[in-house]
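Chains as they are written, first to last, in this note's numbering: chain A, 21 to 417; chain B, 73 to 463.
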């Protein structure tokens, strides 16, 4: 009974069914007795000869089939609505409905329903129903109510199967190691699985693969087991298995594409970075490679900034990349104050300099935070307070 | 940024060692792991400004303490430069190209002709005042009577005391006038005692006081200092006498006025009757100095600087003479020889950094510090001075 309870209240009424099924499997004799006792109609049906057996669809299966049918119907209508909606939208936007892609839909929605909401997930969207409604687990038991999976009663068959698989792999590797040792060969240290730059799938990703909810402890168990597997000397033999659950850490600098320098009339290389933003300042920065260190900001030299702090901000990427005096800088910047403008130019110079320095320097510039755009903005003043955070001086009365 | 760079280890140990050993030994040791210029590359022993030429460009020459005292005790060097001079225990001026140009013009002047006006102009902190100091030193060494006003805006912005002048509607600045007379006296006593210039007419100050014709100019000056009430009138008398003597070829006069544009500023901070701000031409000191910068005399040379910081807020957009002098001032000086003063060149900058290193003014020398300083200061002398304060 306790096992059956796991299926939730919907299934409670089927409990008797399960129990009796089990009874039937284990001891048909008992069933005979039960049948003869005439407790209920169902029981008598179950004990009936093969001819009537095809009616014996378990209640759970019936309920599941019903739900599956409902779901299919729901999805079908949703898909239809999505298709119609897509055509309407395409017509509204004056595009060809046949070639209207999901990207076009997103753009159209953003255009028609502009939203100031910060969280992207809270903004209006129109997506294919497969993406919007989560996938359901297929039936895990046959028509008679017998589970397919041997670990069905653990509640998370896929997850525990995965743990078993991991242990299986480990055992195989241990056996292999023993055999190899007997033969006098050792694991090849060159082929050892190098896990640096990789990480295990996150809990969410793992759950998506397993189609099961797992808790934190279980996830930790998974990562621990995988770590142990990787640490085995022959782990490279099951590299395929490991790769299924490992994903590479993103190397930011490899992801960002570095623009190729262009050539100006004088034959000098140059790169222009547009949209250099910081606070409310915005500008564009041009860096020219064989240069004498001339800095032009809105037509003036570096004295455009009277504060030293701002001048330092502008010079910092050049000093960091050791390009001071080797490149010419031209910047146009407007909006905001001196520090915002200096920050915008600093970012622009750093981004442009990527084209003129080696990959290693780009990586260290990234680590120094030079390529990171500063998204901080002024915080609003709150009523009842003196400023954004500061409260009025407290006075007793 | 410089301060934030950590020093490299060998240099650190080196510095520690230099602290431990005697200072003389430490100075002899190579303190910095960088090619050091020989002292002759940034210093020159040539103290005769008449001999300064292209060879001495961007080099520092030393002014003897007694000469410094004679020339600049009443002002003439910027205050912060004065402090640095005190710290360095020597007065060194760099031979700047603009200074050389100016001295070269003066050297080749035909003094039979009307006085030529030179106007030094340039952005803030480029060294206009120090180039004027260089020219003053030239004037002293070449027996010019120096008529030097260290900073005109002092009179217009921060007068020590105001009094109604004898002339109706005019304002006297008796203390400032007397202070200037003292300054004039310290600069020119030696020369005036040698020349023995006499007054050409009687000056009657009051019923009992008068300076008779034939008394020396020094007596005139001393009377002005003693009787502060008549200091302004004394200045007017003195300057007209000097003009006359120069025209008669008895002496050569060098007029050096710093912040000349203050004479043409739309208003001063001097209050007249009814607490009204008055214009500079209502101050009795203005007229004599405008007279002496006129071209109607010979054997003289006028060196004037126009300076943005001589103006007040709202009149500081540009450093160009036409803007700063205004129409009236420009027409008063026209024709004049403009001398543009620029920021340091690369050579001058290197020599200045070497001088600071030599004076142990810059003690932190991480890799590429001079490059950083160059770009941070934009090779502006004043900004460089400010930047190196903390190094």
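Ideal Cβ placement from N, Cα and C applies to all residues, glycine included.
Give every residue of the same chain whose Cβ lies closer than 8 angstroms to the Cβ of residue 42 of chain A, excluding the five residues on either side of it in the sequence, and list them in chain order.
Unreliable placement is indicated for residue 42 of chain A, whose pLDDT of 42 sits below 50; no coordinate value is reported for it.
Taking the CB atoms as reference points, tell me whether residue 22 of chain B and residue 313 of chain A lie closer together than 8 angstroms.
Outside the displayed span of chain B (73 to 463) sits residue 22 of chain B, for which this structure offers no information.
In chain A, which residues lie with their C-beta within 8 angstroms of the C-beta of residue 456 of chain B?
For residue 456 of chain B, no chain A residue has a C-beta closer than 8 angstroms to its own C-beta; the minimum C-beta separation is roughly 12 angstroms.
Who are the neighbours of residue 344 of chain A on chain B, taking C-beta pairs under 8 angstroms?
Result: 440, 443, 444 and 447.
Which residues, in order along the segment 307-332 of chain A, keep a beta-carbon less than 7 angstroms from a beta-carbon of chain B?
Within the segment 307-332 of chain A, the residues whose Cβ lies closer than 7 angstroms to some Cβ of chain B are 313, 321, 322, 323, 328, 331 and 332, listed in chain order.
Proximal residues to residue 157 of chain A (C-beta, below 6 angstroms), its chain only, five neighbours per side dropped:
Excluding residues within five positions, the ones whose Cβ falls inside 6 angstroms are 231.
Listed by chain order, chain D residues near residue 237 of chain A by CB distance under 8 angstroms:
Structure shown: chain D not included; protein chains present are A and B.
Host alpha helix (DSSP H) of residue 255 of chain B (start-end):
Taken as a continuous stretch (DSSP letters only), the alpha helix (DSSP H) holding residue 255 of chain B covers 246-267.
Alpha helix (DSSP H) segment containing residue 358 of chain A, residue limits:
Unbroken alpha helix (DSSP H) run through residue 358 of chain A: 358-373.
Chain A partners of residue 450 of chain B, CB-CB under 7 angstroms?
Residues of chain A with a Cβ closer than 7 angstroms to the Cβ of residue 450 of chain B are, in chain order, 321, 322 and 323.
Beta strand (DSSP E) segment containing residue 267 of chain A, residue limits
Residue range 266-268 is occupied by the beta strand (DSSP E) that includes residue 267 of chain A.
So what does DSSP say about residue 352 of chain A, is it helix, strand or coil?
Three-state DSSP puts residue 352 of chain A in a strand.
Determine, using beta carbons only, whether residue 230 of chain A comes closer than 8 angstroms to chain B.
Not an interface residue.
Distance cut-off 7 angstroms: residue 222 of chain A Cβ against heavy atoms of the ligand MG:
Only the bare structure without any ligand can be found here, which leaves the ligand MG out of the picture.
For residue 58 of chain A, does the three-state DSSP call read helix, strand or coil?
Legend: pLDDT at residue 58 of chain A = 39, less than 50; position of this residue unreliable, no value from coordinates given.
First and last residue of the beta strand (DSSP E) that includes residue 324 of chain B?
For residue 324 of chain B, the enclosing beta strand (DSSP E) stretches over residues 324-329.
Please report whether the beta-carbon of residue 339 of chain A lies at a distance below 8 angstroms from any beta-carbon of chain B.
Chain B, which has a Cβ nearer than 8 angstroms to the Cβ of residue 339 of chain A, makes this yes.
Residue 221 of chain B and residue 410 of chain B closer than 8 angstroms at C-beta:
No, these two residues do not count as a Cβ contact at 8 angstroms.
Quick one: grab the DSSP three-state call for residue 446 of chain B.
In this structure, DSSP gives residue 446 of chain B a helical state, which the three-state scheme calls helix.
Kindly indicate if chain B contains any beta-carbon less than 8 angstroms away from that of residue 145 of chain A.
For residue 145 of chain A, not one C-beta of chain B is nearer than 8 angstroms to its own C-beta.
From B/266, B/236 and B/332, residue whose alpha carbon lies closest to that of residue 346 of chain B
Of the candidates B/266, B/236 and B/332, the one whose C-alpha sits nearest the C-alpha of residue 346 of chain B is B/236.
Quick one: which residues of the segment 186-203 of chain A get their C-beta closer than 9 angstroms to a C-beta of chain B? List them in chain order.
Against chain B - using a Cβ distance shorter than 9 angstroms - the segment 186-203 of chain A contributes no residues.
Note down, one range per segment and in chain order, each alpha helix (DSSP H) of at least 4 residues found wholly within the segment 366-424 of chain B.
Taking only runs of at least 4 residues, the alpha helix (DSSP H) segments lying wholly in the segment 366-424 of chain B are 393-405.
Do you know how far the Cα of residue 245 of chain B is from the Cα of residue 381 of chain B?
Cα-Cα distance, rounded: 21 angstroms.
The alpha helix (DSSP H) enclosing residue 105 of chain A, as first and last residue numbers:
First-last of the alpha helix (DSSP H) with residue 105 of chain A: 79-113.
Evaluate the contact criterion for the segment 209-227 of chain B versus the segment 432-449 of chain B: three or more CB pairs, one atom per stretch, below 8 angstroms.
The segment 209-227 of chain B vs the segment 432-449 of chain B: no contact.
Could you tell me whether the Cβ of residue 109 of chain A comes closer than 8 angstroms to any Cβ of chain B?
Not an interface residue.
Starting from residue 302 of chain A, trace the beta strand (DSSP E) both ways and give me its first and last residue.
That run of the beta strand (DSSP E) goes 301-308.
Where residue 96 of chain A falls, given that 16 or more other Cβ within 10 Å makes a residue buried:
Classification of residue 96 of chain A: exposed, given that the 10 Å Cβ count is below 16.
Roughly how many whole angstroms lie between the Cα atoms of residue 236 of chain A and residue 223 of chain A?
For residue 236 of chain A and residue 223 of chain A, the distance between alpha carbons rounds to 8 angstroms.
Would you grab the beta carbon distance between residue 153 of chain B and residue 132 of chain B for me? Rounded to a whole angstrom, and I think it's under 8 angstroms.
Residue 153 of chain B to residue 132 of chain B, Cβ: 13 angstroms. No contact.
Tell me, please, whether the CB atom of residue 335 of chain A is closer than 8 angstroms to any CB atom in chain B?
Closer than 8 angstroms: yes.
Quick check on residue 322 of chain A: does DSSP put it in helix, strand or coil?
Three-state DSSP puts residue 322 of chain A in a helix.
Assigned secondary structure, residue 189 of chain B (DSSP; H/G/I helix, E/B strand, else coil)
Strand.
Close beta carbons around residue 267 of chain B, own chain, < 6 angstroms, minus the five adjacent residues each side:
Answer for residue 267 of chain B: 323, listed in chain order.
Neighbourhood of residue 174 of chain A by C-beta, 7 angstroms cutoff - its chain only, sequence neighbours within 5 removed
Non-local C-beta neighbours of residue 174 of chain A in its own chain, meaning closer than 7 angstroms and more than five positions away in sequence, comprise 180, ordered along the chain.
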